[in-house]
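For the sequence shown, the numbering used here assigns the number -16 to the initial residue and increments by one for each residue that follows. Note that beta-carbon positions come from the ideal geometry of N, C-alpha and C, so glycine has one too. Structure first, then comments.
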Amino acid sequence: MLRLNRSLQAISQCNQALIHTFNEMELLQKICSIMVESGGYRMAWVGYAENDDAKSVRPVTQAGFEEGYLDTIKVNWADVPLGHGPTGTAIRTAKPFTMRNLQTNKKFKPWLQEASKRGYCSIQCLPLKIGKEVIGAITIYSEIDDAFDAEETMLLTALADNMAYGITMLRIRKAREKAEEGLIEQQKRFSQALEAAQAGVWEWDLKTGKNIWSDEIWKLYGLERNEQNPSYKLWLSTVHPDDKKSIIQKVADAVKKNISTNIEYRVNHPDGSVRWLMTRGMPLLDDSGHAVRYIGTIIDITERKLLEEERANLQVQLQQAQKMKLVGQLAGGIAHDFNNMLTVILGHTEMALDKADSTRNDLEAIEKAANHSADLTRQLLAFARKQDVVVQIIDLNISVEKMLSILTRLIGENITLNWIPKAPHPLIK
C-alpha cells in the first residue's frame, strides 16, 4: 500500500509538471527526478528509438543511482538478443514490459552484472507512443524484488500515456512557433524586397469597400499614415488631374468585366513633385464568377518613364538630323545646277551692259538680282558642304537675316525663330 501511495503521489506531481513545463527535455528530466525522489525508485531514464541500421536506443535523460550504467550497456529495439531486454521489447511491441526479478530472468542476462552492481532488482519499461509511432520508452528500476505489480503497472502506464501526450503537445507548439517565426521572417524579407523595389501591395474588398495598403504604398503616394484610413477615395485624391478620368474608367471597366487591370498614371506628392506609378490588380471571384476582392501591387516607374521620354526626344532629334541631311543634299544639287544657270545669265548681262542703250537700267536690275541669287546659291553650297568657303568680311546682321528664310523652312514647325540684331555694324571675318 505504501508503494502504491508513493506511486500515486509521484504521478500527481508528474501531471503538474506536464502542465507547467514548456520544454521537452526539461519535462523528461522532471519526470525522471519525480519518479526517484517522490516515487522512491532506484533509477529512471528515458531513451528515444533511433531509426538507424542497428535500431539503437539513445538515452536522453536520467535521474537516480545511475553511476555510468547507461554508458556501459548496449540497448536496441531490433529483434535480436540485445533487443529482447525490457526497453527494446517495450519499444518494439509498443506494450509495457515488466521484469519483477532480474536475477532469474534469462532475457536480462546481457545487463545483469552491471545492474546488480547498482542494486537494480526489478524493472518496469513503458513505451512512449505518439499516435501509432513509438518514439521511445521510460524505464524505471526498483531496488526490491517483485516490484511493479498489476495495479502499479496500470498507474505507470497512464503516466507514460500522459508523458507521450505532453511530448506531442510540446512538439506541436514548437513546430507552430517555428512556423510563426519563419512566417515573420518571410514577411520581413518580403517587405524589404518590396521596399528595395519601390513596390507596395494592396487589397480592395468590393463588398465592404475596405482597403489594405502595405507601408510602402503610403510612401509611393507621398502620404503620412497618421489617422488616415486607406480607401479608394484617398487613392484617387493623389492621382494627377489629367489622368483621373481615364483611371476611373479603367477601374470601372475592370470591375464590371471581372478582369485583371494594369494601369500607368501620375500622382501628385504634397511637396509638388510628380511620380509615375503602375498598378496591377487581379480579381478574386466568388462561386458565381463575380469579383469580390482585388489584390495587386504598385511600383514606381518614374525612371522608366523619364528614359522613355528621353528616348523619344532623341528619336525626334535623329529624324530631324536625317531630314536636315537630306535637305542639305537636295539643296546642294539644286544650288549647283542653279549656279551654272546664273553664270550664263550674268555673263550675257555683262556683255549687254557694255553696250549703252535704253535697256541698261533693266540689265542692271537683272544683274543685281542674279548676283543676289548667286550669293544665296553659294550659301546653299556651303551649307551642303559642296563648295569651299572663302573667308571674307561680312555684315553679320545682313547675313543672318538672309538665312532666316532658309532656316525657317528647314527646322520643325513647333520651333519659332526670333531675330533680334544687336550691334549696329557687326562686321566679322
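Taking a contact as a CB-CB distance under 8 Å, the pair Leu142 and Cys(-3) counts as one, their CB atoms being some 6 Å apart.
The shortest C-alpha to C-alpha distance from Glu291 to any of Trp259, Leu139, Glu116 is the one to Trp259.
About 6 Å separates the CB atoms of Val29 and Gly119; that is less than 8 Å, so the two are in contact. The segment 96 to 111 and the segment 122 to 141 touch, with no fewer than 3 CB-CB distances between them shorter than 8 Å. For Glu49, no beta strand (DSSP E) encloses it, and the DSSP letter there is neither H nor E.
Bridge partners of Arg276 according to DSSP: Asp188, Leu267.
Taking 3 residues as the minimum length, the beta strand (DSSP E) runs contained wholly in the segment 28 to 77 are 40 to 47, in order along the chain. When secondary structure is reduced to three states using DSSP, Lys115 falls in the coil class, being assigned neither helix nor strand. Within a 10 Å sphere around the beta-carbon of Lys112 sit 16 or more other beta-carbons, which makes this residue buried. Within its own chain, the residues whose Cβ lies closer than 8 Å to the Cβ of Pro79, once the five positions on either side in sequence are excluded, are Ala73, Gln107, Cys108, Leu109, Pro110, Thr136, Leu139, Thr140, Ala143, listed in chain order. Counting along the chain, the unbroken beta strand (DSSP E) around Tyr248 starts and ends at 244 to 251. DSSP places Trp196 in the uninterrupted beta strand (DSSP E) bounded by 194 to 196. Bounds of the alpha helix (DSSP H) holding Thr221 are 215 to 221. Secondary structure at Ser125: strand, using DSSP grouped into helix, strand and coil. Taking a contact to require three or more Cβ pairs closer than 8 Å, the segment -1 to 17 and the segment 83 to 98 do not qualify as touching.
In the three-state scheme derived from DSSP, where H, G and I count as helix and E and B as strand, Ser256 is classed as coil. Between Trp94 and Gly66, the C-beta gap is not smaller than 8 Å, which leaves the two residues out of contact. Burial check for Glu207: the Cβ neighbour count within 10 Å stays below 16, so the residue is exposed. Distance from the CA of Ile284 to the CA of Ala158, rounded to the nearest whole angstrom, comes to 41 Å. 8 Å or more divides the Cβ of Glu116 from the Cβ of Ile56.
Rounded to the nearest angstrom, the Cβ distance from Ile246 to Glu186 is 16 Å, too far for a contact under 8 Å. Beta-bridge partners assigned by DSSP to Ala158: none are found. A straight line joining the alpha-carbon of Gly114 with that of Glu9 spans about 22 Å. Going by beta carbons, Ser99 and Tyr24 fall outside the 8 Å limit. Per DSSP, reduced to three states, the secondary structure at Ala182 is strand. The Cβ atoms of Ile121 and Met152 do not sit closer than 8 Å to each other. Taken atom to atom, the span from the alpha-carbon of Arg263 to that of Trp218 is near 14 Å. When the Cα atoms are used, Asp198 and Gln211 turn out to be separated by approximately 13 Å.
Judged by DSSP in its simplified three-state form, Cys15 adopts helix.
When only Cα atoms are considered, Ile282 and Ala295 end up about 22 Å apart. By the Cβ neighbour-count rule, Ile17 is buried, with 16 or more other Cβ atoms within 10 Å of its own.
DSSP links Ala120 through a beta bridge to Gly30, Pro110.
Between Phe91 and the set Lys202, Leu289, Arg101, Pro64, the nearest pair of CA atoms involves Pro64. Separation of Ala162 and Arg154 (C-alpha to C-alpha, rounded to the nearest whole angstrom) is 12 Å.
The beta carbons of Asn251 and Leu268 sit no closer together than 8 Å. The beta carbon of Lys190 is closer than 7 Å to those of Val275 in its chain, skipping five residues each way along the sequence.
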